[in-house]
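In the working numbering, the protein residues as written are 15 to 283.
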């Protein structure tokens with residue numbers, strides 16, 4: 015009985031405590047509105063949807079970023095290929111410019127090779143020209159720039175030892191030009207034969223030009239041809255100059271008859 019009474023007292027005390035707490039909570043909730051749980055739940059759902067959309071946008075942005083990085087890598091690779099192609103093109107262009115003579119010297123690769131041959135021909139030609147001209151002239155390749163964009167390197171000048179001046183070959187007289195041309199032709203023949211396996215020029219014909227020579231120049235030109243003939247070459251001269259008949263041991267005369275026909279006659283000695 016005593017135990018039950020004590021239990022009732024404890025219960026009454028607890029009940030009083032709960033009542034006081036309810037009063038306190040009621041005081042605290044005085045003027046407060048009840049929360050709209052449905053609205054809160056709806057807002058929570060909206061925020062969840064927004065968060066999902068944000069996550070989707072983030073995933074899309076990451077995908078674009080990865081594609082952008084891949085595209086940038088391809089772009090850098092393409093740029094490097096373009097730069098390499100540009101370098102290769104420049105090398106080919108530089109080579110092409112050299113070959114076609116688009117340089118400050120205006121000399122193409124082909125002409126450069128011709129210049130090398132011309133220098134050798136001039137060396138051989140000058141050996142005879144000094145003798146024929148009495149030491150007055152020797153030929154020089156000109157390095158002067160041609161006008162109007164023309165290629166250079168194959169022009170000729172002549173050095174006159176009597177005046178000590180270098181001048182254009184165009185200033186030579188008719189006889190002097192013939193001697194220079196004759197020596198150039200013989201020099202070219204020498205250079206061609208000098209190359210291993212080169213063509214052997216055993217026969218040469220010279221057509222006209224002797225009429226422009228004075229007696230001394232004619233004599234020197236004939237002496238040069240006779241010396242050349244003594245090396246084993248056969249030299250033929252086509253000319254109307256009467257003085258050559260006495261200088262040439264073997265002559266083939268071509269004469270025209272009254273009926274319009276021509277006949278030939280050999281004269282030896």
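Glycine residues also receive a C-beta, built at the ideal position from the N, C-alpha and C atoms.
Being a predicted model, the structure only gives us computed values, none of them experimental.
Could you name the residues that DSSP lists as bridge partners for residue 179?
DSSP, once it has assigned bridges, lists 174 as partnering residue 179.
Per-residue burial, residue 147 [other beta carbons within 10 Å of its own, 16 or more giving buried]
buried
Below 8 Å on the Cβ atoms is my guess for residue 154 versus residue 171; work out the distance and round it to an integer in Å.
5 Å
So, under 8 Å CB-CB, residue 330 and residue 239 are touching, yes? Tell me the CB distance rounded to an integer number of Å.
Nothing can be reported for residue 330, as the shown portion of the chain is limited to 15 through 283.
Extent of the continuous alpha helix (DSSP H) to which residue 255 belongs
No alpha helix (DSSP H) contains residue 255, which DSSP labels as neither H nor E.
Taking the alpha carbon of residue 226 as the point to measure from, which residue in 258, 241 and 201 has its own alpha carbon closest?
The shortest Cα separation from residue 226 among 258, 241 and 201 belongs to 258.
Going by CA-CA distance only, name the one from 93, 201, 40 and 150 that's closest to residue 134.
201
Could you name the residues of the same chain whose beta carbon sits closer than 6 Å to that of residue 40, not counting the 5 residues immediately before and after it, in chain order?
Hits under 6 Å: none found.
Cutting at 7 Å between CB atoms, please list the residues of its own chain near residue 232, excluding the five before and the five after it.
224 and 257
Specify the secondary structure class of residue 157 as computed by DSSP and reduced to three states.
coil
So, helix, strand or coil for residue 134, using DSSP?
helix
For residue 169, name the three-state secondary structure that DSSP assigns.
strand
Rounded to a whole number of angstroms, what is the C-alpha to C-alpha distance between residue 175 and residue 189?
17 Å
Helix, strand or coil for residue 29 per DSSP?
helix
Among 261, 278 and 274, the one whose alpha carbon lies nearest that of residue 268
Comparing alpha carbon positions, the residue from 261, 278 and 274 closest to residue 268 is 278.
Given a cut-off of 8 Å on the beta-carbon distance, is the pair residue 139 and residue 215 in contact?
no
Grab the span of the alpha helix (DSSP H) containing residue 194 for me, first residue to last.
188-208
Cβ-heavy atom distance, residue 236 to the ligand FMN, below 7 Å
Only the bare structure without any ligand can be found here, which leaves the ligand FMN out of the picture.
Ends of the beta strand (DSSP E) at residue 267?
264-270
Exposed or buried, what is residue 32 when buried is set at 16 or more other beta-carbons lying within 10 Å of its beta-carbon?
exposed
Around the C-beta of residue 276, are 16 or more other C-beta atoms found within 10 angstroms, so that it is buried, or is it exposed?
exposed
Suppose you measure from the CA of residue 95 to the CA of residue 102; what does that come to, to the nearest Å?
10 Å
Residue 163, DSSP secondary structure in three states
The predicted position of residue 163 is uncertain, since its pLDDT is 49 and thus under 50; no value can be drawn from it.
If I follow the unbroken beta strand (DSSP E) through residue 276, where does it start and stop?
276-282
Taking the alpha-carbon positions, what's the residue 128 to residue 157 distance?
13 Å
Per DSSP, which residues does residue 18 bridge with? Please list them.
None; residue 18 has no bridge partner.
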